[in-house]
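Trainee: One structure coming up, written as C-alpha cells, with questions to follow.
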Amino acid sequence: MAHAFEAPAPAILRNSELDAAAVRQARIDLAACFRMAAKLGMHEGICNHFSAMVPGRDDLMLVNPYGYAFAEMTASRLLITDLEGRVVAGQGVPEATAFFIHARLHLKNPRAKAAFHTHMPYATSLAMLEGPPLVWAGQTALKFYGRTVVDENYNGLALDSAEGDRIAASMGEADVVFMKNHGVMVVGPSIAEAWDDLYYLERAAQAQCLAMSTGRPLKPVPHELAQKTYEQMRGEDSESARLHLESIKRILMAEAPQFAE
Numbered sequence: 019m020a021h022a023f024e025a026p027a028p029a030i031l032r033n034s035e036l037d038a039a040a041v042r043q044a045r046i047d048l049a050a051c052f053r054m055a056a057k058l059g060m061h062e063g064i065c066n067h068f069s070a071m072v073p074g075r076d077d078l079m080l081v082n083p084y085g086y087a088f089a090e091m092t093a094s095r096l097l098i099t100d101l102e103g104r105v106v107a108g109q110g111v112p113e114a115t116a117f118f119i120h121a122r123l124h125l126k127n128p129r130a131k132a133a134f135h136t137h138m139p140y141a142t143s144l145a146m147l148e149g150p151p152l153v154w155a156g157q158t159a160l161k162f163y164g165r166t167v168v169d170e171n172y173n174g175l176a177l178d179s180a181e182g183d184r185i186a187a188s189m190g191e192a193d194v195v196f197m198k199n200h201g202v203m204v205v206g207p208s209i210a211e212a213w214d215d216l217y218y219l220e221r222a223a224q225a226q227c228l229a230m231s232t233g234r235p236l237k238p239v240p241h242e243l244a245q246k247t248y249e250q251m252r253g254e255d256s257e258s259a260r261l262h263l264e265s266i267k268r269i270l271m272a273e274a275p276q277f278a279e
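This is the structure:
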C-alpha cells in the first residue's frame, strides 16, 4: 500500500542549525508520538505518517522515513526534508503520500505546525459511514465541537501535489478532517497539541462506535451545552496537551528508552 517517494536532487542548506536543542527536542517529541500511537494500536503497517515543521524554519519538516513501522521510530531516524521533497538530513526518503499530503498541507496551512495522518480503526470506521462522523453524544467528542470538517471526495492515493493541495484546501480552518473512505488528518500548532487531539479523537470515536453497536439511539448533547463544554475544554487544552506528551515520554523512557536515541 505504501510507495517510496522519488526525491529530487539534494537541497543545499546554508547557515542551518539542524542540530539545535529545539530541533533535537522536536525529534524526541515526535518519535514519542509514533511509539505511543503504535502501542495504542493507532498504526497501520509501514503506512501512515506524522510530520512537524522544524523549529525556527518555515521550509523544512520532520517526517518518518519509508519502510519503518511506527514502533521502530526513533528521534534520529526521522528525516528532515524541504517542502519540495529533498532530504536534507537523515537516511532514506519519505513515503510518497506522506510527502504529497504533508508538504502541501504545511505549505498551504502555515498554522499547521504538526500534521498527523492515520487510519486508526475507530475514527476511520466513522469516516466510512454516510453522514456526519461524530454526533456529539459523548463528552470526549465535545473537545472537537466545531473543529472538524469532512472531505467527501475520496480520490485514491495522494500521489501528486494536486491531490495534496486538494486535501489541504478541504481542511479550511478546521483542526480535524475526516477523509471519507480513507482516514483522518489532525493538525495542531505544536506536536503536543496534535498528539493530544489524535489520542482523544480516537477515544471519542471508539466510545461512539461502542454506543452505536448497542442498536439503541444515541443522545446528542444540545448545541448550546455542546458549545459551552467545548469552550470549557479548550481553555486548558494547550497545557493539558503539553502534560499529556510529557506523560507518554515518561512511560516510554521506562519501557523503551531507545525511542529518544
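For my numbering, add 18 to where a residue sits in the sequence shown, where the first one is 1.
Just so it is clear, CB atoms sit at the ideal spot from N, CA and C, and this is done for glycine as well.
Grouping DSSP H, G and I as helix and E and B as strand, with all else coil, what is S69?
Mentor: Strand at S69.
Trainee: Given a threshold of 16 other Cβ atoms within 10 Å of its Cβ, counted over all protein chains shown, does A272 qualify as buried or as exposed?
Mentor: By the 10 Å Cβ count, A272 comes out exposed.
Trainee: When you compare each of D76, N173, L97 to K126 by their alpha carbons, which one comes out closest?
Mentor: Ranking D76, N173, L97 by Cα distance to K126 puts D76 first.
Trainee: Taking the beta strand (DSSP E) that M60 belongs to, which residues open and close that run?
Mentor: Per DSSP, M60 belongs to no beta strand (DSSP E) and is neither H nor E.
Trainee: Measure the alpha-carbon distance for Q109 versus I209 and round it to whole angstroms.
Mentor: Answer to the nearest angstrom: the Cα atoms are 22 Å apart.
Trainee: Tell me the DSSP bridge mates of P112?
Mentor: BP columns for P112 point to P83.
Trainee: Quick check on the DSSP output: the beta strand (DSSP E) that includes L97 runs from which residue to which?
Mentor: Start and end: 97–100.
Trainee: Grouping DSSP H, G and I as helix and E and B as strand, with all else coil, what is T232?
Mentor: Note: T232 maps to coil in three-state DSSP.
Trainee: Per DSSP, which one or two residues make a beta bridge with A133?
Mentor: For A133, which the question treats as bridged, DSSP gives the partners S69, V205.
Trainee: Does the Cβ-Cβ distance between V194 and T166 come in under 8 Å?
Mentor: It is a contact, given that the beta carbons lie within the stated cut-off.
Trainee: With a threshold of 16 other CB atoms inside 10 Å of the CB of E220, please say whether the residue is buried or exposed.
Mentor: Answer is buried; the Cβ neighbour count reaches 16.
Trainee: Evaluate K237 with the Cβ neighbour count: other Cβ atoms within 10 Å of its Cβ, from every protein chain shown; 16 or more gives buried, anything less gives exposed.
Mentor: Exposed.
Trainee: Under the assumption that Q224 contacts Y140 (Cβ atoms under 8 Å), give the Cβ distance between them as a whole number of angstroms.
Mentor: Right, their Cβ atoms sit about 4 Å apart.
Trainee: Three or more C-beta pairs under 8 Å: does that hold for the region 60–79 against the region 91–101?
Mentor: Taking 8 Å as the limit for Cβ pairs, the verdict is that the region 91–101 does touch the region 60–79.
Trainee: Leaving aside the five residues before and after A274 along the sequence, list all residues of the same chain whose C-beta is less than 7 Å from its C-beta, in chain order.
Mentor: Once the five neighbours on either side are set aside, the close Cβ partners of A274 are R53.
Trainee: If you draw a straight line from the alpha carbon of A50 to that of E148, how long is it in whole angstroms?
Mentor: When rounded, the distance between both Cα atoms is 34 Å.
Trainee: Cα-Cα, which of A212, L270, P112 is closest to A130?
Mentor: With distances taken between Cα atoms, A130 lies closest to A212.
Trainee: Looking only at its chain, what residues have a beta carbon closer than 6 Å to the beta carbon of R260, apart from the 5 residues adjacent to it on each side?
Mentor: Excluding residues within five positions, the ones whose Cβ falls inside 6 Å are A210.
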